[in-house]
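Structure record follows, encoded as structure tokens.
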Amino acid sequence: MLKRVHFPSSPLPYLLVAPQIIITLVFFMWPASQALYQSLLVEDAFGLSTEFVWFENFTYLASDSHYLDAFWRTAIFSFLVAFMSMSVALILAGFADRVIKGATVYRTLLIWPYAVAPVLAGALWVFMFNPTLGIFPYLLDMIGVNWNHYLNGTQAMGLVIAAAAWKQVAYNFLFYLAAMQSIPRGVIEAAAIDGAGPVKRFTTIIIPLVSPTTFFLLVINLVYAFFETFGIIHVVTQGGPAASTTILVYKVFNDGFVGLDLGGSAAQSVVLMVIVIVMTMVQFKYVEKKVEY
Amino acid sequence: MAEIKLDNLIKAYGKVEVLHHIEGDIHDGEFIVIVGPSGCGKSTLLRMVAGLETITSGTISIGGKVVNKLEPADRDIAMVFQNYALYPHMTVYENMAYGLKIRKIPKDEIKRRVEEAADILEIREYLDRRPRQLSGGQRQRVAMGRAIVREPSVFLFDEPLSNLDAKLRVQMRLEIRKLQKRLGVTSIYVTHDQVEAMTLGDRLMVLNGGYVEQFGTPIELYQKPASLFVAGFIGSPSMNFMDADISNGVATLANGAKLKLSSKFNGPATLGIRPEHLVADDKGAIKVTVDMLEQLGANTLVHGILDGTQTSFVVSLDGIQVAETGSNQTFYAEKDSFHLFDKETGKRIVE
Chain W
2 MLKRVHFPSS PLPYLLVAPQ IIITLVFFMW PASQALYQSL LVEDAFGLST
52 EFVWFENFTY LASDSHYLDA FWRTAIFSFL VAFMSMSVAL ILAGFADRVI
102 KGATVYRTLL IWPYAVAPVL AGALWVFMFN PTLGIFPYLL DMIGVNWNHY
152 LNGTQAMGLV IAAAAWKQVA YNFLFYLAAM QSIPRGVIEA AAIDGAGPVK
202 RFTTIIIPLV SPTTFFLLVI NLVYAFFETF GIIHVVTQGG PAASTTILVY
252 KVFNDGFVGL DLGGSAAQSV VLMVIVIVMT MVQFKYVEKK VEY
Chain C
475 MAEIKLDNLI KAYGKVEVLH HIEGDIHDGE FIVIVGPSGC GKSTLLRMVA
525 GLETITSGTI SIGGKVVNKL EPADRDIAMV FQNYALYPHM TVYENMAYGL
575 KIRKIPKDEI KRRVEEAADI LEIREYLDRR PRQLSGGQRQ RVAMGRAIVR
625 EPSVFLFDEP LSNLDAKLRV QMRLEIRKLQ KRLGVTSIYV THDQVEAMTL
675 GDRLMVLNGG YVEQFGTPIE LYQKPASLFV AGFIGSPSMN FMDADISNGV
725 ATLANGAKLK LSSKFNGPAT LGIRPEHLVA DDKGAIKVTV DMLEQLGANT
775 LVHGILDGTQ TSFVVSLDGI QVAETGSNQT FYAEKDSFHL FDKETGKRIV
825 E
């Protein structure tokens, strides 16, 4: 017979949450704390001597013109990646929303790029834009543009932005399409009867109604551009030429693992960590609150 | 101002035909109600007039102009949707002004028209609110306002009252009727509610399974239903039907009872009688075993079974009446109040 109705000392609940807690501790808390600790140290390039320097690494960063340049570069890069991938995705979703025949095929094809690993996406763009072998430099040459992203910093930046944006279009497309399909048909039909053509309906009805999705995607895309574009940059330009495509996350890698300035690199990653925490907080604060309409 | 002509309209999805040879002439300023059970194609027909569904074959003309190939925007129509379909991100004012802005009507003219419509519909104090801050009835008014300000030549209503509660529905029904009379705009109204149809329409188009069963005034439909379907659909409670053999003006029911008719028809037929046309009479020929009474105050509905058959039977008696369950009651009806329908086709037998 049952003598107790509950088991106050059972270890079961702790066992069930243990995997999640262990994963968080091992893969997030521990590396994060290591980075925090490391950012307070200065180590020589061979790892033979270590000195505790408090916040010297951070004060150095604040006065390092290379680092500040990278900051602005990252801002421009992220904004352009988010803007380009979102606007292309919005337009494609607008078309897909109107497609009736072969809609599934069209959608599936548009989603494929998301399955491509960042490094491979980068490799594809490198081949296409290789100054001596690529098809695009050949075509650009015909209209008088001399393409060489190994020498021209602006072209290199354009190339990584295009590659990073292309990769993210599929993701944004999925969200935009879902948002558009959840708009009641009647509202669109009412606008059609009110005299709005397809373009007018898109700009005055559909875009305002998917604005909560736009905000959500903006944060997601900025985070993506800040962190996940590492692979693309590493393959396409290695941050060059002359650091013209070195964004913050690439500089962390470059200073830490190539330059072996572990303390400075750790300080940079702490700054990045703060940025992503702030972005996530902004997102939670505003996405939870429904956009005003 | 416009008349509408539906000429041999057919709608098919692939090989499945859902509307068959729809014909109808709607006069200028008339209020037409399309009524029928769910899935009969009434909304599809309305959406074809609106230009939201393609026309498989046949023609629709509005004001003498064939509109088959015209976009909804170019048909000079306005539509009120079942779920209102207001633009959620715009205020009431912007909702009503949207169609006018697109048509590049001057700002002060827009303001004048919107305010005028808002006054008619008594929604002036809500002009700055957004749709989600309004109740169902208020949203319905805004949806009507959006249609009115356009000053179209045709109004289309797609079950606009079905999301409202019963009391509000009756009130809005009267308002729609008054408004339509006042504006004199040709209107097509779709509903599945026969009471709504009877009270609103100048004429009713009864649809069933994609066919027009009858197109006529409410009184015509009530007095001379063209088929069993119309007879059963129009009027509440619905008409009683029984099998009968008719010869020389006398109908013999399955239980042997004999009824006098004014018809000259001979042979088997379906006999129809409305519940309200029966009166309690000891010498009446219609004998009913009482199952249940429904006391409605003003009248009493007697539900029962026609004696000696399986046919269920309803009688509506004036005032408050009492009868024992299981008891037999006899009823009488005037010979002119019977309806005769063909047993095979269900069509009304006309002499």
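Sequences listed follow chains W and C, in order.
Residues in the first sequence are numbered consecutively from 2, following this note's numbering.
Residues in the second sequence are numbered consecutively from 475, following this note's numbering.
C-beta atoms are modelled at their ideal positions from N, C-alpha and C, and glycine is treated no differently.
Counted within 10 angstroms of its Cβ, other Cβ atoms place residue i as buried (16 or more) or exposed
i: ALA725 of chain C; result: buried
i: SER10 of chain W; result: exposed
i: GLU293 of chain W; result: The predicted position of GLU293 of chain W is uncertain, since its pLDDT is 48 and thus under 50; no value can be drawn from it.
i: TYR561 of chain C; result: buried
i: ARG647 of chain C; result: buried
i: GLU625 of chain C; result: exposed
i: TYR663 of chain C; result: buried
i: MET553 of chain C; result: buried
i: LEU13 of chain W; result: exposed
i: ASP602 of chain C; result: exposed
i: GLU687 of chain C; result: buried
i: MET699 of chain C; result: Just to set this straight, residue 699 of chain C is Pro in the shown sequence, not Met. Classification for PRO699 of chain C: buried.
i: THR660 of chain C; result: buried
i: ASN147 of chain W; result: exposed
i: TYR487 of chain C; result: exposed
i: HIS501 of chain C; result: exposed
i: LYS489 of chain C; result: exposed
i: VAL259 of chain W; result: exposed
i: ALA592 of chain C; result: buried
Residue i in three-state terms, based on DSSP
i: PHE176 of chain W; result: helix
i: TYR561 of chain C; result: coil
i: PHE29 of chain W; result: helix
i: TYR806 of chain C; result: strand
i: ALA743 of chain C; result: strand
i: VAL100 of chain W; result: coil
i: SER701 of chain C; result: strand
i: SER790 of chain C; result: strand
i: GLN21 of chain W; result: helix
i: PHE255 of chain W; result: The sequence shown places Asn at residue 255 of chain W, rather than the Phe named in the question. ASN255 of chain W falls in the helix class under three-state DSSP.
i: ALA267 of chain W; result: helix
i: ASN542 of chain C; result: coil
i: HIS751 of chain C; result: helix
i: SER66 of chain W; result: helix
i: ASP481 of chain C; result: strand
i: PHE56 of chain W; result: coil
i: ALA524 of chain C; result: helix
i: PHE555 of chain C; result: coil
i: VAL796 of chain C; result: coil
Cβ separation of residue i and residue j, assumed to be a contact under 8 Å, to the nearest whole Å
i: ASP765 of chain C; j: TYR806 of chain C; result: ASP765 of chain C to TYR806 of chain C, Cβ: 20 Å. No contact.
i: VAL269 of chain W; j: VAL279 of chain W; result: Residue identity differs from the one stated: residue 269 of chain W is Gln in this sequence, not Val. Contact flag wrong, Cβ pair sits at about 16 Å.
i: THR783 of chain C; j: ASN729 of chain C; result: 5 Å
i: ILE576 of chain C; j: GLY196 of chain W; result: 4 Å
i: MET181 of chain W; j: VAL220 of chain W; result: That pair is no contact at about 20 Å.
i: SER79 of chain W; j: LEU223 of chain W; result: 5 Å
i: PRO749 of chain C; j: VAL796 of chain C; result: Not confirmed; about 18 Å, so no contact.
i: MET176 of chain W; j: THR214 of chain W; result: As written in the sequence, residue 176 of chain W is Phe, which differs from the Met given in the question. With 8 Å as the limit, PHE176 of chain W and THR214 of chain W qualify as a contact, their Cβ atoms being about 5 Å apart.
i: ILE594 of chain C; j: ILE551 of chain C; result: Not confirmed; about 19 Å, so no contact.
i: GLY746 of chain C; j: PHE715 of chain C; result: 5 Å
Are there three or more Cβ pairs, one per stretch, closer than 8 Å when the region 479 to 491 of chain C is compared with the region 528 to 536 of chain C?
-> Here the region 479 to 491 of chain C lies against the region 528 to 536 of chain C, with 3 or more beta-carbon pairs under 8 Å apart.
Return the chain-ordered ranges of every alpha helix (DSSP H) run that is complete within the region 574 to 652 of chain C and spans a minimum of 4 residues.
-> Those alpha helix (DSSP H) runs which fall completely within the region 574 to 652 of chain C and span 4+ residues are 581 to 595, 610 to 623.
Would the region 674 to 685 of chain C and the region 701 to 714 of chain C be scored as touching if the rule is three or more Cβ pairs under 8 Å?
-> The region 701 to 714 of chain C and the region 674 to 685 of chain C touch, with three or more beta-carbon pairs separated by less than 8 Å.
Flag this pair as touching only if the region 236 to 255 of chain W and the region 46 to 63 of chain W have three or more C-beta atom pairs under 8 Å; answer yes or no.
-> They do not touch, by the three-pair rule.
If you scan the region 70 to 137 of chain W from start to end, which runs of the alpha helix (DSSP H) of 4 or more residues do you find wholly inside it?
-> Runs of the alpha helix (DSSP H) inside the region 70 to 137 of chain W: 104 to 112, 119 to 130.
Please list the segments of the beta strand (DSSP E) lying wholly inside the region 660 to 741 of chain C, counting only runs of 3 or more residues, in order along the chain.
-> As far as the region 660 to 741 of chain C is concerned, its whole beta strand (DSSP E) runs of at least 3 residues are 660 to 665, 677 to 682, 685 to 690, 714 to 721, 724 to 727, 732 to 734.
Cβ pair count under 8 Å reaching 3, the region 162 to 171 of chain W against the region 142 to 154 of chain W = Contact annotation: the region 162 to 171 of chain W does not touch the region 142 to 154 of chain W, with fewer than three C-beta pairs closer than 8 Å.
What are the start and end residues of each continuous alpha helix (DSSP H) run of 4 or more residues lying completely inside the region 137 to 224 of chain W, in chain order?
-> If only complete runs of 4 or more residues are kept, the region 137 to 224 of chain W shows the alpha helix (DSSP H) at 154 to 182, 186 to 194, 199 to 202, 212 to 224, in order along the chain.
Pair every Cβ in the region 257 to 274 of chain W with every Cβ in the region 28 to 45 of chain W, then say whether three or more of these pairs are closer than 8 Å.
-> Segments in contact, yes.
Would you say the region 80 to 97 of chain W touches the region 167 to 177 of chain W, given that touching needs at least three Cβ pairs under 8 Å?
-> Segment contact: the region 80 to 97 of chain W against the region 167 to 177 of chain W, three or more CB-CB distances shorter than 8 Å; contact assigned.
Spell out a yes or no on whether the region 631 to 642 of chain C and the region 541 to 557 of chain C are touching, meaning 3 or more CB-CB pairs, one atom from each, closer than 8 Å.
-> Under the Cβ criterion (8 Å, minimum of three pairs), the region 631 to 642 of chain C counts as touching the region 541 to 557 of chain C.
With contact counted as at least three CB pairs below 8 Å, one residue from each stretch, are the region 736 to 751 of chain C and the region 809 to 817 of chain C in contact?
-> The region 736 to 751 of chain C makes contact with the region 809 to 817 of chain C: 3 or more CB pairs, one atom from each, lie closer than 8 Å.
If you measure beta-carbon to beta-carbon, which residues of the region 572 to 601 of chain C are closer than 7 Å to chain A?
-> Absent from the structure: chain A. Protein chains present are W and C.
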